[in-house]
Amino acid sequence: MAPATQFEVSQPPSDVISSVVFAPDNTNRLLVASWDRNVYLYEIAEGTEDATLINKFEHRAPILDVCFGANGNEAYTAGLDCSVKRIDLSSGEQTVLSTHDKPVRCVVYSPQHSMLISASWDHTLHVHNTSAPTSTPITISLPGKPHALAASPSKVVVAMTARLVHIYDLPTLAAALSSPDPSSATITPWQTRESSLKFLTRAVACMPNDAGYATSSIEGRVAVEWFEDTAESQARKYAFKCHRQTAPEEEGGGDVVYPVNALTFHPVFGTFASGGGDGTVALWDAEAKRRMRQYQKFPDSVAALAFSNNGKYLAIGVCRGFETDMEDFNSEGRTKVFIRELGETEAKGKGPK
Amino acid sequence: MGKKKRGHPDVEELLARPWCYYCERDFEDLKLLISHQKAKHFKCDRCGKRLNTAGGLSVHMNQVHKESLDKVENALPNRQGLDIEIFGMEGVPDDIVQQHNQRIITNFYTAQAERHAATGNPPPGQAGGQGPAKKIKIETPEELKKRLAEHRAKVAAIKANGGTLPVPVVPPKAAAAAAQPATVSPVAGQSPAQGASPFPPPQPGFPYPPPVGVPGVPGAFPPPVPGVVPPGAYPPPVYSGATPTPPGGPAGFNLPARPTAGGGVLPQRPPYYNNNYPGGGGVPPPGGPGGYPGGGGASTVDDLVRQGAGGDEIDQLIRAAEQGQSKPPAEAAEKKSKSKDKNMRMVYGDSEVSPEEKMALLPRYAVAAA
Numbered sequence: 001m002a003p004a005t006q007f008e009v010s011q012p013p014s015d016v017i018s019s020v021v022f023a024p025d026n027t028n029r030l031l032v033a034s035w036d037r038n039v040y041l042y043e044i045a046e047g048t049e050d051a052t053l054i055n056k057f058e059h060r061a062p063i064l065d066v067c068f069g070a071n072g073n074e075a076y077t078a079g080l081d082c083s084v085k086r087i088d089l090s091s092g093e094q095t096v097l098s099t100h101d102k103p104v105r106c107v108v109y110s111p112q113h114s115m116l117i118s119a120s121w122d123h124t125l126h127v128h129n130t131s132a133p134t135s136t137p138i139t140i141s142l143p144g145k146p147h148a149l150a151a152s153p154s155k156v157v158v159a160m161t162a163r164l165v166h167i168y169d170l171p172t173l174a175a176a177l178s179s180p181d182p183s184s185a186t187i188t189p190w191q192t193r194e195s196s197l198k199f200l201t202r203a204v205a206c207m208p209n210d211a212g213y214a215t216s217s218i219e220g221r222v223a224v225e226w227f228e229d230t231a232e233s234q235a236r237k238y239a240f241k242c243h244r245q246t247a248p249e250e251e252g253g254g255d256v257v258y259p260v261n262a263l264t265f266h267p268v269f270g271t272f273a274s275g276g277g278d279g280t281v282a283l284w285d286a287e288a289k290r291r292m293r294q295y296q297k298f299p300d301s302v303a304a305l306a307f308s309n310n311g312k313y314l315a316i317g318v319c320r321g322f323e324t325d326m327e328d329f330n331s332e333g334r335t336k337v338f339i340r341e342l343g344e345t346e347a348k349g350k351g352p353k
Numbered sequence: 354m355g356k357k358k359r360g361h362p363d364v365e366e367l368l369a370r371p372w373c374y375y376c377e378r379d380f381e382d383l384k385l386l387i388s389h390q391k392a393k394h395f396k397c398d399r400c401g402k403r404l405n406t407a408g409g410l411s412v413h414m415n416q417v418h419k420e421s422l423d424k425v426e427n428a429l430p431n432r433q434g435l436d437i438e439i440f441g442m443e444g445v446p447d448d449i450v451q452q453h454n455q456r457i458i459t460n461f462y463t464a465q466a467e468r469h470a471a472t473g474n475p476p477p478g479q480a481g482g483q484g485p486a487k488k489i490k491i492e493t494p495e496e497l498k499k500r501l502a503e504h505r506a507k508v509a510a511i512k513a514n515g516g517t518l519p520v521p522v523v524p525p526k527a528a529a530a531a532a533q534p535a536t537v538s539p540v541a542g543q544s545p546a547q548g549a550s551p552f553p554p555p556q557p558g559f560p561y562p563p564p565v566g567v568p569g570v571p572g573a574f575p576p577p578v579p580g581v582v583p584p585g586a587y588p589p590p591v592y593s594g595a596t597p598t599p600p601g602g603p604a605g606f607n608l609p610a611r612p613t614a615g616g617g618v619l620p621q622r623p624p625y626y627n628n629n630y631p632g633g634g635g636v637p638p639p640g641g642p643g644g645y646p647g648g649g650g651a652s653t654v655d656d657l658v659r660q661g662a663g664g665d666e667i668d669q670l671i672r673a674a675e676q677g678q679s680k681p682p683a684e685a686a687e688k689k690s691k692s693k694d695k696n697m698r699m700v701y702g703d704s705e706v707s708p709e710e711k712m713a714l715l716p717r718y719a720v721a722a723a
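Protein chains in written order, with my numbering: chain H, 1 to 353; chain F, 354 to 723.
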C-alpha cells in the first residue's frame with residue numbers, strides 16, 4: 001500500500017475558495033475558483049509532492065463556482081456578475097454564454113449530454129447546449145433560490161431554499177434542447193422532493209453509479225437518498241450528524257454545530273467525503289453507513305472538496321468560513337489548497353455489513 | 354458506566370473489576386478491558402488496525418503511515434501520554450491505582466448513603482428509626498393513563514348522579530397563592546376523605562415532593578407524583594361530594610384544581626398532606642414549610658448523587674469525556690439527540706440566506722463596473 005501523503009499547493013488563492021475541481025481527462029490538473037476574482041489552474045507534478053500554478057484567469061467579479069467542460073482545456077464559471085462564462089484554458093479566452101438577472105451560484109457540466117446547466121439566485125436554471133455555444137439556453141424557473149447543484153450521469157439535482165429539491169432528467173433536457181424550438185419547451189422536474197434536512201442545504205453530490213445523492217446542511221448533518229421512487233428505495237434513505245464539536249463546559253457546554261460545506265463522491269469506490277466548517281474532512285461509506293476515516297484537522301474551515309477522476313487525489317480547499325454576523329470578513333493569508341494522495345484502498349468501503 | 358443492575362455490588366466487587374487506565378471505565382473481566390483498549394485507544398485512525406499497546410500503535414503509525422502519534426485517542430486529558438506502556442491492567446502506575454481505588458470507595462459510600470436516604474432504610478447495624486425520607490415512587494406512563502381512565506370514569510359516574518361540581522375559574526397566580534396556605538393549615542376533619550378518595554392511598558410518611566423545577570411541569574407546581582390530576586380535571590369529587598365542607602371554612606380543599614399551565618400534569622396535593630401527619634389531620638406542621646421533608650436544594654435523587662460525587666475530579670473528567678465522544682453515523686439518531694439539540698450552537702444559523710449571499714453584499718466583493 002502506497003503511503004498516503006498530503007501536501008499544500010504553493011501559490012494558493014488570496015481569498016475564500018468557492019470550488020475545486022479536477023479535470024475529467026487528466027488526473028493531475030485542477031481548477032480552483034475563488035472570491036478573489038480569479039480561477040487558478042494547477043498541475044500536480046507526477047511523482048512529486050508539488051502542484052504548480054499553470055495559469056490564472058481573472059474575472060471582473062468573484063467566482064462562485066467552476067467546472068470543467070468536455071476536456072481538460074475547457075472550463076465554465078459562475079460569477080457574481082451574473083454571467084456564465086466559458087474559458088479556453090490554453091488560450092485564456094473568455095466568452096459569456098448567458099447572463100442571469102442575479103449572480104450565478106453554480107454550474108455543472110454533463111459530459112454525457114454535452115450540456116452545461118447553471119443555477120442562479122434569480123430563481124432560474126439555464127440549460128446550455130455546449131456543442132452549439134451561440135444557441136439560446138433554455139430557461140427553467142425554480143420555486144426557490146438554488147444553493148447547490150450536482151449532476152449524475154442521467155440526473156441533475158437542484159437544492160433550493162425552503163428545503164426544496166428538484167431532480168431533472170438529463171435526457172429529457174437534452175431532447176428539449178435539440179427540439180426545433182427549445183425556448184418554447186416546457187420542462188417539468190422528474191421528481192420534486194423535500195430535503196431530509198431541516199436546515200439550509202449547503203452541498204449536493206451525486207453518486208457516480210447514478211443511484212442516488214447526498215446532501216448536507218448548515219446544521220452539521222448529511223443525508224443520503226436514492227433516486228428510485230419505490231417504497232423500499234426511499235426507506236433506505238438516512239441522515240446523520242457530523243462536523244460537530246463539544247463546547248467546553250465553561251462556555252455552557254452543548255454542541256458547536258458547523259456547516260457541512262462540501263461533499264464529493266469517490267469516482268471508483270462510491271464512498272464520499274464531507275468537509276465542514278470545523279476544518280475536518282471525513283470519508284464515509286454510504287452503503288455500510290460507516291465513517292471510514294477522519295483526517296487530521298485543517299487550520300480553517302473546509303470550503304471545497306474534489307476527487308480526481310481516478311480517485312487518486314483528494315483536493316481540499318481550506319479558508320476562513322463565513323459565520324453568523326461577520327462584519328469584516330476576509331480570508332487573506334488563511335486560504336490554502338491541500339492535495340492528499342490517497343493510498344490504494346484508503347477510500348475503499350467495506351460494503352454493507 | 355455499564356454496570357449491570359443486579360442489586361448493589363459490594364465495595365470489594367467494585368474494586369476487583371478491571372478498569373481502563375485511559376478512560377477510567379471498568380469492565381466485567383480483563384478480556385473485555387483489553388478489547389476495549391484495542392478498539393478505543395489503540396486503534397489506528399488511518400487504517401483501523403488495532404494494536405495491543407500505545408507503543409505498538411506509535412510504531413505502526415510511523416512505519417505504515419509515516420505519521421507520528423502524539424497522544425492516545427479517547428483518553429482523559431491527563432492520561433493521553435505515550436510514555437506509559439499499558440496493556441490491560443499492566444503498567445498502571447501505583448499512585449493512579451491508589452487514586453482509582455479511593456475514587457471507587459468514595460463513590461460507593463456516597464451512593465450507599467444516598468440509597469439509604471432515598472429508601473428510608475436504616476444503614477445496616479442501626480436501629481430502624483424515623484427514616485428521613487422515603488423512596489419517591491415514580492409511575493410509568495401506563496400506570497398514569499390507567500389511573501386517569503379510572504378517575505374519569507368516577508367523575509363521569511358522579512356527574513351522572515347529578516353531583517356536578519362547581520368549576521370556578523381562578524387565575525393561576527391567585528390559585529397558587531391560595532393553594533399554598535391551604536396546604537400549611539389544613540382544615541380539621543379532612544381525614545375521612547382519605548377513605549373515599551378515588552386514588553390509591555398514598556404511602557404513609559410520603560414526603561411532600563420538593564417544588565423544584567421538573568421537566569414537563571411549567572409553573573412552580575410540584576413534580577408529578579402519585580395522585581396526578583390530568584389537565585383540565587377538577588379536584589377529586591370526594592372533597593365536595595363526599596366530605597362535608599365546614600361552612601365558612603377556608604377555601605382549603607375546596608379549591609378547584611389549579612389551572613393547568615400549558616397542559617402539564619398537576620399533582621393532587623391534599624391526600625398525602627394529611628398522611629404526613631398521621632397524628633391528626635388538623636395539626637399544622639411546626640414551621641410551615643417544614644412539612645416538606647426532603648425539600649432541600651436538590652430536586653431529585655440523581656441530583657443528590659451528582660452533588661455528592663461532584664467534587665471528584667476524575668468523575669468530572671469522565672463525564673466531560675463521555676459527552677465529547679464522537680459517535681459514528683448512527684442512522685437517524687434523531688430521537689437520542691432531541692434533548693441535546695437544545696444545547697447546540699450553530700456556527701452559521703441562517704436557514705433562509707446562504708453565507709454566499711451575505712458575502713456577496715460585502716463591499717469588498719462588489720462587482721467592478723464593466
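Yeah, the Cβ is synthetic: ideal placement off N, Cα and C, and Gly gets one too.
Proximity test, Cβ basis, 7 Å: residue i and chain H
i      : result
F:V450 : no
F:A713 : yes
F:P430 : no
F:R698 : yes
Per-residue DSSP class, three states only, for residue i
i      : result
F:R468 : helix
F:R432 : helix
F:R370 : coil
H:A306 : strand
F:R500 : helix
6 Å CB neighbourhood of residue i in its chain, flanking five on each side removed
i      : result
F:G441 : L383, L386, I387
H:R193 : V165
F:K526 : Because the pLDDT at F:K526 is just 45, under 50, the model does not fix this residue reliably, and the point stays unresolved.
H:N129 : S135, L177
H:P62  : W35, R37, L80
H:R163 : E194, S195
H:H266 : F307, G311, A347
Assigned exposure category for residue i - 16 Cβ within 10 Å defines buried
i      : result
H:V16  : buried
F:P631 : Reliability fails at F:P631, whose pLDDT of 42 lies under 50, so the model's placement of it is uncertain and the value that follows must be treated cautiously. Under this definition F:P631 is an exposed residue.
H:A315 : buried
H:A303 : buried
F:D436 : exposed
F:G434 : exposed
F:A428 : buried
Residue i versus residue j - alpha carbon distance
i      : j      : result
H:D359 : H:Y42  : Residue 359 of chain H cannot be examined here, being either before or after the span of chain H that is shown, 1 to 353.
F:P716 : H:L125 : 27 Å
H:S120 : H:F57  : 22 Å
H:A273 : F:E492 : 47 Å
H:T48  : H:S10  : 13 Å
F:R432 : F:W372 : 14 Å
H:L200 : H:V108 : 20 Å
H:G343 : H:S34  : 29 Å
H:G275 : H:E46  : 26 Å
H:P143 : H:P189 : 11 Å
H:F240 : F:E377 : 29 Å
H:A263 : H:G317 : According to the sequence provided, residue 263 of chain H is Leu. The question's Ala does not apply to it. The straight-line gap from Cα to Cα measures roughly 12 Å.
F:E381 : F:Y374 : 15 Å
Own chain, CB closer than 8 Å to residue i, minus 5 neighbours either side, in chain order
i      : result
F:C400 : V417, H418
H:N402 : Outside the modelled stretch of chain H, which goes from 1 to 353, sits residue 402 of chain H, for which no answer is possible.
F:E420 : R399, M414
F:E495 : none
Contact set for residue i: own chain, Cβ-Cβ below 7 Å, skip 5 residues either direction
i      : result
H:A211 : W226, F227
C-beta neighbour in chain F for residue i, strict 7 Å
i      : result
H:A211 : no
H:I218 : yes
H:V256 : yes
H:P13  : no
H:E232 : no
Closer than 8 Å at the beta carbon, the chain B residues around residue i
i      : result
H:N330 : Protein chains H and F are contained in the structure displayed, whereas chain B is not.
Residue i Cβ short of 6 Å to the ligand GDP heavy atom set
i     : result
H:V96 : This structure simply doesn't include the ligand GDP, nor any ligand for that matter.
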